[in-house]
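Before any comments, here is the structure.
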Amino acid sequence: MKLFSEIMMTAALKFLSCVPVEATDDAFWDQFWADTATSIQDVFTLVPAAEIRAVREESPSNLATLCYKADEGDDENARPLAESLLLAIADLLFCPDFTVQSHRKSGPETAEDLHCIDSCEYIWEAGVGFAHSPPHSYIHDLNRTELLKLLLTCFSEAVYLPPTTEGNILNPWVQFFCSTENRHALPLFTSLLNIVCAYDPVGYGIPYNHLLFSDYREPLVEVAAQVLIATLDHDASTSLSPSVDGTTTSTAMDDTEPLGPENLFVNYLSRIHREEDFQFILKGLARLLNNPLLQTYLPNSTKKIQFHQELLVLFWKLCDFNKVGPRPGGGAA
């Protein structure tokens, strides 16, 4: 679908900010689109941001109807907006010069390159499956934090649903994001895990350093742990089966079909087996969980973290999904 005409488009937008228009008024809404050659660049040129803000502030219902009308005429085979949003967020989490350091010497990557870069080369932190530690950037960490918060918002469907006793109800947002449709699943899982386990709130141990300098890494670590838990809490292989007393129980050992596609995040966590990877994960989690127990001669001189619950749940997920585990004497079981 293309916009009808430049003049009519501008006039119609001004009309939208003043007069409520019924969604059933097809004659009005159809004037926005026709088979003309208006380009996207023309739209950005002819429609100032102030006009869009005016519609949003004065007639939000008109703006909502406009968005629905723009989408409902698309091809039936087109990707749903929710999936497009999740894929766009995943791309932005590995966008050079926005959330990761660019590898180019001559300049930043172009927008076209974003869809074909190898995100495994842009993992955020050294650790499991990645040996190179990229330079830390305050701006990159802020951008990552905001994008991960947006992901959590997308994953929060369960907050608005009534409690149920019917077992697992798959969250379609998490289900899609953890599937093979997300080409960044592996580097993102590795980035989130490494960011959490590599974090050291004490640093060099200088007393009261947390009062002198802002720690921009802690908010990223906390939201990374939350996103990681949200993705690992969605196990499509768990199905419903009748128990001995006739009630329905959930088990992952039945021969029934899984509830949805394989959760790649669960799969990657279950396949960790190298001794050095287990040492990195357990050392990092132990360091963070022991943080409140640190005693110093100077009161309140050491930074204290506040996301212990997320760390405990993450450790439980590791024990639950990974059956290899390190042996007491070293090596994997």
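Residue numbers (mature numbering (1 follows the signal peptide of the UniProt record, and there is no 0)): -23 to -1, 1 to 310.
In this text, a Cβ means the ideal position worked out from N, Cα and C, and glycines have one as well.
Predicted, not measured: the structure shown is a model, and the values here were computed from it.
Query raised in the report: Cα-Cα, which of Ala201, Trp150, Arg121, Glu123 is closest to alanine 135?
Result: That would be Trp150, whose Cα lies nearest to the Cα of alanine 135.
Query raised in the report: For chain D, is any of its Cβ atoms less than 8 angstroms away from the one on phenylalanine 242?
Result: In the structure shown, chain D does not exist; there is a single protein chain.
Requested in this report: Can you check the region 14 to 46 for any alpha helix (DSSP H) of at least 4 residues that lies completely inside it and give the ranges in chain order?
Outcome: Within the region 14 to 46, the complete alpha helix (DSSP H) runs of at least 4 residues are 17 to 23, 26 to 35.
Query raised in the report: Is it true that the CB of isoleucine 172 sits closer than 8 angstroms to the CB of tryptophan 101?
Result: Against a cut-off of 8 angstroms, the Cβ pair of isoleucine 172 and tryptophan 101 comes out as a contact.
Query raised in the report: In or out: proline 164 buried (at least 16 other Cβ within 10 Å) or exposed?
Result: With 16 or more other CB atoms across the displayed protein chains lying within 10 angstroms of its CB, proline 164 is buried.
Query raised in the report: Which same chain residues, not among the five before or five after phenylalanine 298, have their C-beta less than 6 angstroms away from its C-beta?
Result: Here the set comprises Val243, Leu246, Ser247.
Query raised in the report: Can you round the beta-carbon distance between alanine 202 and glycine 261 to whole angstroms, since I take them to be within the 8 angstroms contact cut?
Result: Going by Cβ atoms, the distance from alanine 202 to glycine 261 rounds to 11 angstroms, so no, they are not a contact pair.
Report task. Within the same chain, show all residues whose beta-carbon is closer than 6 angstroms to that of alanine 207, passing over the 5 residues directly before and after it, in chain order. Result -> The residues are Phe132.
Query raised in the report: Can you tell me whether DSSP reads serine -7 as helix, strand or coil?
Result: Here serine -7 carries a coil assignment [DSSP, helix/strand/coil].
Requested in this report: Decide yes or no for the touch test of the region 62 to 76 against the region 106 to 123: beta carbon pairs closer than 8 angstroms, at least 3 of them.
Outcome: With contact defined as three or more Cβ pairs closer than 8 angstroms, the region 62 to 76 and the region 106 to 123 are in contact.
Requested in this report: Please state if the CB of leucine 265 and the CB of isoleucine 282 are separated by a distance shorter than 8 angstroms.
Outcome: Going by C-beta atoms, isoleucine 282 is nearer than 8 angstroms to leucine 265.
Query - Residue interval of the alpha helix (DSSP H) (run including glutamine 8) - result: From DSSP, glutamine 8 is part of no alpha helix (DSSP H); its letter is neither H nor E.
Query - Three-state class that DSSP yields for phenylalanine 107 in the structure shown - result: Three-state DSSP puts phenylalanine 107 in a strand.
Requested in this report: May I have the straight-line CA-CA distance separating glutamine 8 from glutamate 60, to the nearest angstrom?
Outcome: If you take the alpha carbons of glutamine 8 and glutamate 60, they lie about 28 angstroms apart.
Query - Assigned exposure category for leucine 58 - 16 Cβ within 10 Å defines buried - result: It counts as exposed.
Query raised in the report: Span of the alpha helix (DSSP H) holding threonine 208?
Result: It spans 194 to 209 - the alpha helix (DSSP H) in which threonine 208 sits, taken as one unbroken run.
Requested in this report: Could you pull out every residue in the same chain whose Cβ sits closer than 7 angstroms to the Cβ of arginine 194, ignoring the five residues on either side in sequence?
Outcome: Once the five neighbours on either side are set aside, the close Cβ partners of arginine 194 are Asp118, Tyr176.
Query raised in the report: Taking C-alpha atoms, which residue in Phe284, Leu63, Pro140 lies nearest to glutamine 152?
Result: For the set Phe284, Leu63, Pro140, the Cα lying nearest the Cα of glutamine 152 is the one of Leu63.
**Report entry** Contact check, leucine 70 vs histidine 211, beta carbons under 8 angstroms
**Finding:** Not a contact, by the Cβ cut-off of 8 angstroms.
Report task. With a cut-off of 8 angstroms on the beta carbons, I'd call phenylalanine -9 and glycine 104 a contact; round off their distance for me. Result -> In this structure phenylalanine -9 is not in contact with glycine 104, their Cβ atoms being roughly 56 angstroms apart against a cut-off of 8 angstroms.
**Report entry** For proline 73: DSSP bridge partner residues
**Finding:** In the DSSP output, where bridge partners are listed per residue, proline 73 has Val77.
Query raised in the report: Can you tell which of Phe107, Leu205, Trp293 has its C-alpha closest to the C-alpha of leucine 125?
Result: Per the Cα distances, Leu205.
Query - isoleucine 66 beta carbon less than 8 angstroms from that of lysine 129 - result: First, the residue type needs correcting, since residue 129 is leucine and not lysine in the sequence shown. The answer is no: Cβ separation not under 8 angstroms.
**Report entry** N-terminal and C-terminal residue of the alpha helix (DSSP H) that cysteine 296 is part of
**Finding:** In the DSSP assignment, cysteine 296 falls within the unbroken alpha helix (DSSP H) covering 285 to 298.
Query raised in the report: What span of residues does the alpha helix (DSSP H) with proline 164 cover, start to end?
Result: Taken as a continuous stretch (DSSP letters only), the alpha helix (DSSP H) holding proline 164 covers 162 to 175.
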